[in-house]
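The structure under discussion appears below in the form of structure tokens.
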Amino acid sequence: MISEIIDSIQQQQDKFRLVYQPIVKRDGTIAGAEALLRWEDDDGITHYPDEFIANLEHFGCYIRLGDWIIHKAITDIASIGRDGFFINVNVTWRQLAEPHFAQQVIQELNEAGFPASQLHLEITERERYDSRSMAVSLAVLTEAGVQIVLDDFCTQESSLAIIKRYHIDQLKVDKEFVFDVLESKRSQAIIQCLAELAHKLGMKICLEGVETEETRKFVEQYSADYYQGFLYSGPIEFSMLLGLLQTQRLN
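Positions -7 to 243 (the numbering used here) are the ones given, in order, by the sequence shown.
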């Protein structure tokens, strides 16, 4: 499978596509979306990033694909022409460590006429953040106005160290703490503490994994800024996202 994916990258075959999962405000208004990668093999089977990204990074093939993801996501969302509508794009430490990564991103934004503040780059705690070039990239992007989002927050031991060391604009609380929030006093306490921490540090907070109306009503008490989950929508094609935006609100 990996060799087939590498061939797709090298030959620029149209087997990759992006789908988008809406991110909503507390009132149900769609505020933005997260771009998610999909790859279709020769048999027409769709594969998810967890199946191949690590191997592509191992073989040094992901940078080129990552550049395409950023370009495609910015181009798609810029075409909507909606003020304030943001796009979340996942990036890896290897991308951030590339010397010209930040400038390439800024160039993409300028060419698309897309505000830097509406590009949210998601990094995870599983990555390593000890290289100088990576720190420089984050600093340049932050200075340009790009928002940095720490995904899967509180799933690794390095959580607090990252938000102390780097400028983080938003925390995304992993669905592990949300799916059982109705029953688990521990999950309730953790989400409450994380929301308070984020807001005290001037960050926004997004709760992932909101899948039922009961969960949504319960977590409203924590004053999260954004929600994401199958209650609102799973990952969908760009054309479907445009259709949802016509309704303005996901109930």
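Each residue gets a CB set at the ideal place from its N, CA and C atoms; glycine is no exception.
Go ahead and label residue i buried or exposed: buried means 16 or more other beta carbons lie within 10 angstroms of its beta carbon, across all protein chains shown.
i: residue 223; result: buried
i: residue 137; result: exposed
i: residue 201; result: buried
i: residue 185; result: exposed
i: residue 102; result: exposed
i: residue 238; result: exposed
i: residue -5; result: exposed
i: residue 152; result: exposed
i: residue 187; result: buried
i: residue 164; result: buried
i: residue 110; result: buried
i: residue 117; result: buried
Between the options, which lies nearest to residue i when the distance is taken from Cα to Cα?
i: residue 89; options: 231, 55, 204; result: 55
i: residue 112; options: 32, 65, 152; result: 65
i: residue 53; options: 141, 86, 143, 96; result: 86
i: residue 83; options: 46, 58, 106; result: 58
i: residue 20; options: 205, 231, 232, 234; result: 205
i: residue 257; options: 97, 154, 31, 129; result: Here the chain has residues from -7 to 243 only, and residue 257 is not among them.
i: residue 314; options: 105, 45, 38; result: The question about residue 314 has no answer here: the residues shown for the chain are numbered -7 through 243.
i: residue 231; options: 41, 45, 7, 68; result: 68
i: residue 144; options: 127, 168, 182, 135; result: 168
i: residue 34; options: 6, 211, 229; result: 6
i: residue 166; options: 147, 177, 176, 175; result: 147
i: residue 240; options: 114, 194, 22, 18; result: 22
i: residue 114; options: 76, 61, 8, 51; result: 61
For my contact list, residue i and residue j are in at a C-beta cut-off of 8 Å; report their separation, rounded to the angstrom.
i: residue 29; j: residue 10; result: 6 Å
i: residue 16; j: residue 218; result: 7 Å
i: residue 63; j: residue 32; result: The pair is not a contact, with the Cβ atoms about 19 Å apart (cut-off 8 Å).
i: residue 182; j: residue 211; result: Their Cβ separation, rounded to whole angstroms, is 12 Å, which puts residue 182 and residue 211 out of contact at 8 Å.
i: residue 14; j: residue 236; result: 6 Å
Mind checking which residues open and close the beta strand (DSSP E) that includes residue i?
i: residue 112; result: 111 to 116
i: residue 211; result: Counting along the chain, residue 211 falls outside any beta strand (DSSP E), though it belongs to the alpha helix (DSSP H) covering 205 to 211.
i: residue 199; result: 196 to 200
Would residue i and residue j be called neighbours here (beta carbons separated by less than 7 Å)?
i: residue 196; j: residue 162; result: yes
i: residue 80; j: residue 26; result: yes
i: residue 94; j: residue 142; result: no
i: residue 180; j: residue 170; result: no
i: residue 12; j: residue 233; result: yes
i: residue 226; j: residue 203; result: no
i: residue 78; j: residue 36; result: no
i: residue 140; j: residue 155; result: no
i: residue 130; j: residue 158; result: yes
i: residue 125; j: residue 91; result: yes
With residue i as the anchor, note down where its alpha helix (DSSP H) starts and where it stops.
i: residue 68; result: 54 to 72
i: residue 192; result: 177 to 192
i: residue 9; result: Looking at the DSSP string, residue 9 is not in any alpha helix (DSSP H); the run it does join, the beta strand (DSSP E), is 8 to 16.
i: residue 130; result: 124 to 136
i: residue 25; result: No alpha helix (DSSP H) contains residue 25, which is instead part of the beta strand (DSSP E) from 22 to 32.
i: residue 37; result: Looking at the DSSP string, residue 37 is not in any alpha helix (DSSP H), and its letter there is neither H nor E.
i: residue 97; result: 93 to 104
i: residue 142; result: Here residue 142 belongs to no alpha helix (DSSP H); instead the beta strand (DSSP E) covers 139 to 145.
i: residue 87; result: 85 to 89
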